[in-house]
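The structure under discussion appears below in the form of structure tokens.
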Amino acid sequence: MHIMRLLAGVALVNALAACSSLPVATTATQDQSLTPCPAGLEAVAKCYTGVDDKGSHYWIAIPNDWNRTLVMHAHGGPRLSAIGRNTSLEDLERFAVTVRQGYAWAGSSYRRPGYGVRMAAEDTETLRRIFVNSFGKPAYTILHGQSWGGNIAAKGIELYARNPDGTPNYDGVVLTNGMVAGGSRNYLHRADLRAVYQYYCKNHPKPDEPQYPLWMGLPADSNMSSKDLAERVKDCTGVGLKAEQRTEQQKRNLANILGVISIPERSLVSHLNWATFLFRDLTQRVLNGRNPFSNRHVVYRGSSDDTALNRNVPRFDADPVAVRQLSEDSDMTGDITVPVISMHAINDPTAMVEYESDYKRVVANKGNAAKLVQVFTTESEHSKLADAEYAAVFDAVTQWIKSGAKPSSMQVAALCEKHAEKFSGGCHFDTKFTPASLFKRVAARNESSTDKR
């Protein structure tokens, strides 16, 4: 199918654009409703739900022994399913440790599903204003982002740390397993995955299906489901089958894909999901049918025949307008004015720990290295780390805010041991770990094509 026919369908989903000038966050048009808290918090907090004037649903939890500090939570994703009242409920349940620790908690669904870092940052700031209008200004406010929410929080603190008159909105930031390389770099390996997967598997799309540029993710009118995609991955690589049930060809395909794209087998399907359904949303709705990714001159390594791979792998070129739009929406400049602590699992299967080295570079280049602490754990999960570790980093950033003394990774680890007496999961900090450069893991490309900061 010719690319112009495919892009004609983009008009159906182009109602919103990703990038705009800095908006002014507003307040809600309706009041909160007192709502039963989720299990485990009923006896320790009061919970409220509501909807802001742009349609974002939210949850607020205020503990009975509130320490007068508010945690504004930016959730991960991007989630692509419809939003509703309970979209943020799972986030409150997952991070209930903060409420049990004495912090008030507020989380927004964002106004719509899909990509948009500035949008999500604005919706989070809107909820902060709703909280202040309803319950008064907290003594301190901490912005917390998990996963893609880490990108939102890291971008949001650059946009909303202070009001135009200089008064502070936020006092500190906690980033956990964050996608903190920014939009320009967070998805490079997933764009590479689409190309390398297609070279070996040739089933996404299949030869008898309409062909489309892989950077599109999927045609706008496709009804493919995540289950359909998983079946294609299983057919080609055997993922989903026991190792002894896989054919020799499936084993070779899988070994080559994972050898080139440095991700674990257990997250191959989820990475392809992002590179399919999220890419469709990002490129067609947000970027108006433009491509922000390029692999034109990328040299792939790690396969059984790199020469053949690089000669025949599908190639695509970025549109400079899309590159600029994505960078404007979701890259960080390093302009942080408050204490930031970032915690990341070394073996995170979804958000590469090497993102942290990129964020550290950006912050240092802006002259703000003294405002950033990065700590690492030996865990191998993405969506949730140990409760005691979350308690430690929130305690550490609170002490830093109040005292002005920057904590060391050893001090954060020591706080975890204290909190482990009350909160679950144990402590798994590796205080000597330093992540490698992102391009030690992701295939290198021209710096000028991936860094507009």
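Here the sequence shown stands for residues -17 to -1, 1 to 436, where the numbers follow mature numbering (1 follows the signal peptide of the UniProt record, and there is no 0). The beta-carbon is built from N, C-alpha and C at its ideal position, and this holds for glycine as well. In this text the structure is predicted, and so the values were computed from the model without any measurement.
{"Item": "Residue from LEU255, ASN330, GLN15 whose Cα sits closest to the Cα of GLY200", "Value": "LEU255"}
{"Item": "Which of helix, strand or coil DSSP assigns to GLY166", "Value": "helix"}
{"Item": "Neighbourhood of ASP318 by C-beta distance below 6 Å, restricted to the same chain and skipping five residues each side", "Value": "GLU141, LYS349"}
{"Item": "Residue 437, DSSP secondary structure in three states", "Value": "Lying before the first or after the last residue shown, residue 437 is absent from the chain, which here runs from -17 to 436."}
{"Item": "Same chain only: Cβ atoms within 7 Å of ASN295, ignoring 5 sequence neighbours per side", "Value": "TYR182"}
{"Item": "8 Å contact criterion, which TYR123 and ASP154 should meet: CB distance rounded", "Value": "4 Å"}
{"Item": "Cβ contact check for the stretch 369 to 378 and the stretch 398 to 410: 3 or more pairs under 8 Å", "Value": "yes"}
{"Item": "Any beta strand (DSSP E) of 3 or more consecutive residues that is wholly inside the stretch 312 to 384", "Value": "323 to 328, 355 to 360"}
{"Item": "For MET55: DSSP bridge partner residues", "Value": "ALA89, LEU126"}
{"Item": "Contact check, LEU197 vs LEU265, beta carbons under 9 Å", "Value": "no"}
{"Item": "When ARG83, LEU17, CYS219, ARG229 are compared against ARG68, the one with the closest alpha-carbon", "Value": "LEU17"}
{"Item": "C-alpha distance - GLY387 paired with GLU227, whole-angstrom precision", "Value": "57 Å"}
{"Item": "TYR31 - containing beta strand (DSSP E), residue span", "Value": "28 to 34"}
{"Item": "Contacting residues, own chain, Cβ-Cβ under 6 Å from HIS327 (five flanking each side not counted)", "Value": "ASN160, VAL336, GLU339, PHE359"}
{"Item": "Three-state class that DSSP yields for LEU17 in the structure shown", "Value": "strand"}
{"Item": "CA-to-CA distance, ILE113 to residue 438, given in whole angstroms", "Value": "Residue 438 is absent from the structure shown; the chain starts at -17 and stops at 436."}
{"Item": "Any 3 or more C-beta pairs closer than 8 Å across the stretch 90 to 106 and the stretch 129 to 139", "Value": "yes"}
{"Item": "Spatial neighbours of ILE384 in its chain, beta-carbon cut-off 7 Å, leaving aside the 5 residues before and after", "Value": "TYR123, ASP154, GLY155, PRO322"}
{"Item": "Cβ distance (whole Å) where ILE244 is taken to contact LEU292 below 8 Å", "Value": "Contact doesn't hold; Cβ gap of about 11 Å is too wide."}
{"Item": "Enclosing beta strand (DSSP E) for THR159 [first to last residue]", "Value": "155 to 159"}
{"Item": "Expected contact under 8 Å - CB spacing of residue 440 and ASN50 to nearest Å", "Value": "Only positions -17 to 436 of the chain appear in the structure, and residue 440 is not among them; the question remains open."}
{"Item": "Exposure of VAL304, with buried meaning 16 or more beta-carbon neighbours within 10 Å", "Value": "exposed"}
{"Item": "Which of helix, strand or coil DSSP assigns to HIS172", "Value": "helix"}
{"Item": "Beta-bridge partners of ALA44, as assigned by DSSP", "Value": "CYS30, TRP88"}
{"Item": "Straight-line gap, ALA79 to SER71 (C-alpha atoms, nearest Å)", "Value": "12 Å"}
{"Item": "C-alpha gap between ALA44 and GLU73, whole angstroms", "Value": "13 Å"}
{"Item": "Any chain D beta carbon closer than 9 Å to GLY90", "Value": "Among the protein chains of the structure shown there is no chain D, as only one such chain exists."}
{"Item": "Sub-9 Å separation of ASN169 and ALA334 beta-carbons", "Value": "yes"}
{"Item": "Sheet register partners of LEU224 (DSSP bridge)", "Value": "VAL222"}
{"Item": "Buried versus exposed call for HIS280 [16 or more other C-beta atoms within 10 Å across all chains shown]", "Value": "exposed"}
{"Item": "Distance between PRO151 and PRO121 (C-alpha atoms, nearest Å)", "Value": "11 Å"}
{"Item": "Short Cβ contact (9 Å threshold) for ASP14 with GLY33", "Value": "yes"}
{"Item": "Terminal residues of the alpha helix (DSSP H) in which MET207 lies", "Value": "MET207 -> no alpha helix (DSSP H), and no H or E assigned at all."}
{"Item": "First and last residue of the uninterrupted alpha helix (DSSP H) at MET102", "Value": "100 to 118"}
{"Item": "Residue nearest to PRO107 in terms of C-alpha spacing, selected from THR259, TYR41, ASN146, ASP191", "Value": "It is Thr, not Pro, that sits at residue 107 in the sequence shown. Of the listed residues, the one whose Cα sits closest to THR107 is TYR41."}
{"Item": "Spatial distance of LYS283 from PHE422 (CA atoms)", "Value": "At residue 283 the sequence reads Tyr, which differs from the Lys that was named. Rounded to the nearest angstrom, the two C-alpha atoms are 12 Å apart."}
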